[in-house]
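Colleague: Residue numbers (the numbering used here): 6 to 1138.
By construction, the Cβ of each residue, glycine as well, lies at the ideal position given by its N, Cα and C atoms.
Computed from a predicted structure; not experimentally measured.
1) Could you give the DSSP three-state label for residue 148: helix, strand or coil?
2) Would you call residue 21 buried or exposed, if buried means 16 or more other Cβ atoms sit within 10 Å of its Cβ?
3) DSSP three-state call for residue 186: helix, strand or coil?
4) By a C-beta neighbour count over all protein chains shown, 10 Å radius and 16 as the cutoff for buried, is residue 387 buried or exposed?
5) Going by the DSSP bridge assignment, what does residue 521 pair with across the sheet?
6) In three-state terms, what does DSSP make of residue 158?
7) Output the residue ranges of the alpha helix (DSSP H) runs that lie fully inside the region 1029-1114 and measure 4 residues or longer, sorted by chain position.
8) Thinking C-beta only, is residue 349 closer than 7 Å to residue 675?
9) So if DSSP puts residue 807 in a beta bridge, which residue, or which two residues, is it bridged to?
10) In whole angstroms, what is the alpha-carbon distance linking residue 199 and residue 41?
11) What residue does the beta strand (DSSP E) around residue 875 start on, and which one ends it?
12) Quick one: grab the DSSP three-state call for residue 73.
13) Could you tell me which whole alpha helix (DSSP H) segments of length 4 or greater appear in the region 393-437?
14) Less than 7 Å separating the beta-carbons of residue 1002 and residue 1079?
15) Measuring only the C-alpha atoms, how far is residue 504 from residue 164?
16) If you scan the region 367-392 from start to end, which runs of the beta strand (DSSP E) of 3 or more residues do you find wholly inside it?
17) Are at least three pairs of beta-carbons, each pair with one atom in the region 938-949 and one in the region 1007-1016, less than 8 Å apart?
18) If residue 1030 and residue 1041 are in contact, beta carbons under 8 Å, what's the gap, nearest whole angstrom?
19) Apart from the five residues on each side of it in sequence, which residues of its chain come closer than 6 Å, Cβ to Cβ, to residue 359?
20) Taking only the alpha-carbon atoms, compute the straight-line gap between residue 167 and residue 34 and give it to the nearest angstrom.
21) Helix, strand or coil for residue 43 per DSSP?
22) Between the beta-carbon of residue 894 and the beta-carbon of residue 903, is there less than 7 Å?
23) Just the C-alpha distance for residue 582 and residue 436, rounded to the nearest angstrom, thanks.
24) Taking only three categories from DSSP, how would you classify residue 15?
25) Give me, in chain order, the residues of the same chain whose beta-carbon lies closer than 6 Å to that of residue 1113; leave out the 5 immediate sequence neighbours on both sides.
26) Please classify residue 970 as buried or exposed, where buried requires at least 16 other C-beta atoms within 10 Å of its C-beta.
27) Residue 896 bridges to which residues according to DSSP?
28) Count the other CB atoms within 10 Å of the CB of residue 960; is the residue buried (16 or more) or exposed (fewer)?
29) Is the CB-CB distance between residue 985 and residue 935 below 7 Å?
30) Based on the DSSP secondary-structure assignment, which residues constitute the bridge partners of residue 559?
31) According to the Cβ coordinates, are residue 489 and residue 509 closer than 7 Å?
32) Sort 863, 150, 144, 438 by Cα distance to residue 897 and report the nearest one.
33) On the CB-based measure, 16 or more other CB atoms within 10 Å of its CB, does residue 182 come out buried or exposed?
34) Do residue 447 and residue 429 have their CB atoms nearer than 7 Å?
35) Would you check if the distance between the CB atom of residue 1194 and the CB atom of residue 627 is smaller than 7 Å?
36) So for residue 200, helix, strand or coil by DSSP?
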């Protein structure tokens, strides 16, 4: 249907509505499918008119269109079924079960069985999941709220939820204009024509002398006579005007915002529980783009990537695409927007930490989420471990290079006022943190875990106070600062060199907020006069000039998924404002109520879970739902808060730090946060921290040593933790009376340390993932970036995806060995299968890479490279036909359009997906490329090949920077095409190289080998290895089926997991892991891909909390000869 015909339907809909042809209106809405009338839908659902509800929906979607649609129909039919049961109408319930709900059994047979079993209950509320089901009215209301979210998120309803903005009686107006035009054409027009029909063109019948003036404004066509007048529709009518289109003058410098709202909705698996907030599944939301085919949540719409040309998007489509074909995840992206209740907010006080001076700024580590960085008004900075309540490190303010300071700074240092900390912030990967002081200076520290803080850079950034800092990534890691001197400056975080200076504010700059949309990088800045400006990295001046509400000193922050912009501030009169912005229009979109009048100090705020806002105000922490302007709730954190407390969420939103009046911090947690801290309690007695019982730092929480005798260590292994308990309790009698030998042995701990051996399934948590597909050896394996699923590529070129579902044992839906996941397939039943070449499949080198937001996987198995949609499993495109075949794939960390492709012919192709063009070819290897790793910090790409060579390439010009062959001793025979893999430590400076003969750690820029580790012959060759997510451990798999856990900093073995711990006994079948993958946020969880096609997830026992303990650093001895260590514990140079 043409666009004009479509518009005519809207005009007819408006006319019918104005004339009160209600049934006809909704019939036309349903038959045309152009406008979904949410008000009518709400009425029919509320009235329980289920046949009408489904009939109306049928004009817009079918049950099996996508997972949103499936869940919409399931919720409706489940409610109808429950209502029949509630009325004791068993016959009706059986009819609904067979006719309406049976269709869902194909997708979830277990759920259908559970629904069927409700027939056997006298009261279905006896089912635990339905115990909170209330009366019919309330149940319908709860379900309706969920249905609205699903509809708003469903791509099939996009652009169908808002009626066009039309003037009243637009169809009549057009007919009047047509009649006026016809009247003007009359040969003898009458002054007052009598229009009696619309069925034929109008003509004036008799001559009338002079031509009458055209009655353009006269209403020739009146309202159709009908009983009862129909007043004009109000703003609350079913045909609401659409918002005015966004002006393009401001939208151009940022990615155009989508006009469709992005509601909180879960299209997760269907469930038996009623659709209340607690039962709604937490699903990740990815950053929206204007490209519907590129949103993970809306992947069913794929017309944009249908390819009529070689990597061929049509020219028209290319012109209409946003910059990135593959979406770029936003900085700090967490598990995304989902449906949460206020119960998910951290409100329970779990600990207090003394600081000694007033807290000015706090920030949680982005990876190790129980590490809290704190800055005070006396210039002190501290790193706290919340798991042990231990202050790991403290630094006092001190200028490192006084001689190089300016006169102004030296003068400032000479006065009596101490330098206060204005801001502390971790870098995105947690390897650096920045400190902005009230006296000219910015300090950058590098963090190497524990108490290892090292001075990295000292920058005299501004004249006067440095008011704020933030990390950004325009093309490399940078620090953005602002100050009292009215400037914003950008500094290279690696060298400290100044990159940009932005000026234009007429008052001291109060805060900065760097961000990016698509590939456009920009910075918001705010000043104390209430001005907000935006800057690109181009020295061309500010692009926009907004006024903050009330001309307040304001801080700005995006939601974690980068889609919504908020600000909070206080003006000189003490009036505070917290608002959401329409960033393209520079206008306030929503103002939240509940902040007090006459605030003391500037109110601080934070966002979490893409759903909640929090602010410290009036001696309270106040919370808002982002979609509701009214205050959600408050907490006084058991009292003792200042008037405007400093607050900060951790990345997952499960912990909240709040400053107190008594120069301290309170930590608030939700249930998940409490569980996390309890888990860390059990880890606080790590023997590697305790050199002897005489120098124990007693943790304030955690009174339970990890005592599990099943892990094969002697009593001496527990000597130090027991001594630690004694020291903490100040009661030596318990030591002497109960275990006199322990005191004697505690001093000899270093000599009796033994490698932890895990031999039985009871000694760890292991789970073999369910699989009903053909079992072929697992060639490649990875967790999704969200940590909610595992993706495997088998040797037959088929991908398998396991997803964890939410239940009482796994409320986070993260991957775990405690709960079995579901082998997931779309409703179409198709598999993601790579093209294969004509060569022997055994000779193919499988490879794949996942986009940052888990939407797409790029993969090859000896044939063309395929791009798959992770939601629908459909092949979006193929490219790069062999020969040569692709052997390794890696996305560029800043641009998902750029892919590094290692090739069978030893070259590396830098390929631009968007323009279907190979930008450059890198040549330096002698055999096929088997590994690629980018470092954004060093701006390099490191490659590895089957020639056992490492090469470093500069990503600015793609020149080769360095190369080195691995040192393989003469006694070690390596296969002629042995894979060499590379992976960066999370500091992006150190590099892990994995070869079948060894593991080595390099300083990447110069390829200086820092440590090398060689396995013992008894274990066989190394098959694979990877860093844990925090880079503190290395998981190594071997040909004998064992897995070793090494301490990354020393390359010393601390745990060996034998195959008997995770494999069933089968002497006739030799099974071992080919690949190991580390969970992206759980440092002790990993998965193994096996030769028999299985995938196993392994975690330590909860009582242990980690894989073994490290040998003391002062002890040069390796594990005892009886331990059967997986490898030599003597690192070699």
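Modeller: Reading it off the structure:
1) helix
2) buried
3) helix
4) buried
5) 526
6) helix
7) none
8) yes
9) 795, 828
10) 39 Å
11) Here residue 875 belongs to no beta strand (DSSP E), and DSSP marks it neither H nor E.
12) helix
13) 412-419
14) no
15) 43 Å
16) 376-381, 386-390
17) yes
18) 4 Å
19) 669
20) 12 Å
21) helix
22) no
23) 34 Å
24) helix
25) 761, 1059, 1060
26) exposed
27) 904
28) buried
29) yes
30) 574
31) no
32) 863
33) exposed
34) no
35) Given a span of 6 to 1138 for the chain in the structure shown, any question on residue 1194 remains unanswerable.
36) coil
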